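Inspection log for the structure reproduced underneath, given as structure tokens.
This is the structure:
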């Protein structure tokens with residue numbers, strides 16, 4: 002009986018239902034036993050087994066009640082019991098059965114993905130990849146915060162490719178027309194496009210003893226395999242070349258930056274503003290800016306002649322914004338580059354297979370060296386609907 006992702010209210014409702022059910026069962030058994038005793042009969046083996054099952058469940062109910070008392074006493078009545086991907090993996094019945102063997106052989110697969118489009122530290126968000134209370138790995142290595150997925154329209158698919166219509170051109174000729182006169186014709190052109198589902202995967206080899214060390218295995222999954230997979234995903238979503246097994250990334254498909262209206266940029270901040278203008282003139286109001294952390298730091302550190310910050314505020318705690326738009330600072334973006342656009346209109350991400358962890362001993366080298374292989378992989382596609390909605394270019398900071 003698992004309590005994963007359940008609140009106290011959920012546990013209380015389950016406990017009440019279970020108590021009522023088992024009370025009825027025990028009452029029926031007691032009445033039957035009383036009747037048999039009056040007739041001088043003994044209970045059958047089946048009846049005894051039923052009674053034993055009822056008593057076992059009663060013990061489970063007692064455990065639930067104990068947990069309820071402990072959580073209420075700790076002031077956690079509304080808390081949801083969240084488990085990380087690694088915790089769910091090592092607590093899965095399939096893995097426990099596999100690891101419990103004296104000499105585990107074969108493989109076990111558990112789907113563990115819990116990343117959402119959230120960018121907070123809430124359970125299930127990209128920020129949940131780093132759990133500060135985890136003890137399995139004593140020295141946690143630096144991890145980059147993932148944010149690109151949250152900019153995109155989410156989706157899912159059961160196919161190995163996405164066929165869609167990509168918008169090429171929109172010419173708006175709408176105008177006032179006199180009665181009986183010929184109406185002007187607008188132009189909206191599309192082209193057929195295919196976004197292939199690609200696989201992102203990696204694996205590590207470790208000793209078979211790690212199967213008996215659940216905290217260590219949990220850290221390997223959470224701290225390295227899942228995070229490494231998502232890190233490669235972020236790089237693909239931004240910079241995928243579209244050749245071979247690569248996705249076609251946002252940067253690859255974006256429209257090149259070109260200053261409009263004979264306006265001249267004299268700073269990096271000006272260039273970003275003109276990128277926003279370029280998307281607006283294409284009728285796609287921008288909703289986000291992607292920069293390398295180095296470039297964002299340079300913008301925030303810019304000062305006037307009296308040493309006052311132009312943009313940044315060392316004491317500020319507000320989320321980073323520029324020209325009223327949120328700024329996503331990620332090392333997946335090249336230095337001295339910027340990507341601006343209406344990301345939710347420009348592209349959609351399709352998940353074909355969530356991140357899956359596969360543990361196997363099926364390898365000759367594993368067998369003779371007492372090793373196991375742990376693999377993590379996912380499948381996804383990225384459809385670029387409107388390249389005009391995203392603009393990419395140089396900031397001009399580096400010569």
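In our numbering, the protein residues as written are 2 to 400. For every residue, glycine included, the Cβ atom is placed at its ideal position computed from N, Cα and C. Note that this is a predicted model, so its numbers are computed, not measured.
Collapsing the DSSP output to three states places residue 93 in coil. When DSSP states are grouped into helix, strand and coil, residue 359 belongs to the strand group. Distance from the CA atom of residue 329 to the CA atom of residue 357, rounded to whole angstroms, is 27 Å.
Two segments are said to touch when three or more pairs of C-beta atoms, one from each, lie closer than 8 Å; by this definition the segment 250–261 does not touch the segment 300–308. Under the DSSP definition of a beta bridge, residue 198 lacks any partner.
Annotation: residue 214 is outside any beta strand (DSSP E) and is labelled neither H nor E by DSSP.
Assigned with DSSP and collapsed to three states, residue 299 falls in helix. With distances taken between CA atoms, residue 361 lies nearest to 375 out of 384, 355, 375. Between the segment 166–174 and the segment 186–198, the count of C-beta pairs closer than 8 Å reaches three or more; the two stretches touch. Per DSSP, residue 151 is not a residue of any beta strand (DSSP E); the alpha helix (DSSP H) it occupies stretches across 149–152.
Here residue 370 is exposed, its C-beta having fewer than 16 other C-beta atoms within 10 Å. In this structure, residue 165 and residue 194 form a Cβ contact; the two beta carbons are roughly 6 Å apart against a cut-off of 8 Å. Here residue 181 is not near residue 351, since their CB atoms are 7 Å or more apart. Cβ atoms of residue 325 and residue 280 stay farther apart than 8 Å, at about 14 Å. Every unbroken stretch of the alpha helix (DSSP H) spanning 4 or more residues and falling wholly within the segment 333–390 is given here in chain order: 344–347, 365–370. For the options 274, 250, 236, the alpha carbon positioned closest to that of residue 323 is the one of 274. Selection 36, 226, 93, 331 evaluated against residue 239 yields 331 as nearest (Cα-Cα).
The shortest CA-to-CA distance from residue 372 to any of 93, 394, 204, 269 is the one to 204.
In the three-state scheme derived from DSSP, where H, G and I count as helix and E and B as strand, residue 36 is classed as helix. Partner residues in the beta bridge of residue 257, as assigned by DSSP, are 393. Assignment of residue 228 by DSSP, reduced to helix, strand and coil, places it in the helix class.
A distance below 6 Å between beta-carbons, with the five flanking residues on each side excluded, links residue 226 to the following residues of its chain, in chain order: 377. Scanning its chain for C-beta atoms nearer than 8 Å, with the 5 sequence neighbours on each side dropped, one finds around residue 397 the residues 266, 269, 272, 337, in chain order. It is roughly 24 Å from the alpha-carbon of residue 317 to the alpha-carbon of residue 287. Annotation: the continuous alpha helix (DSSP H) that includes residue 272 extends over 269–282. Residue 363 and residue 258 have their C-alpha atoms roughly 51 Å apart. Distance from the CA of residue 395 to the CA of residue 381, rounded to the nearest whole angstrom, comes to 29 Å. About 6 Å separates the Cβ atoms of residue 340 and residue 391, confirming a contact at the 8 Å cut-off.
Sequence-distant Cβ neighbours of residue 21 in its own chain, meaning closer than 7 Å and more than five residues away, do not exist here.
Excluding five sequence positions before and after residue 320, the CB atoms of its chain that fall closer than 7 Å to its own CB belong to 327, given in chain order. Residue environment analysis places residue 344 among the buried positions, since at least 16 neighbouring C-beta atoms fall within 10 angstroms of its C-beta.
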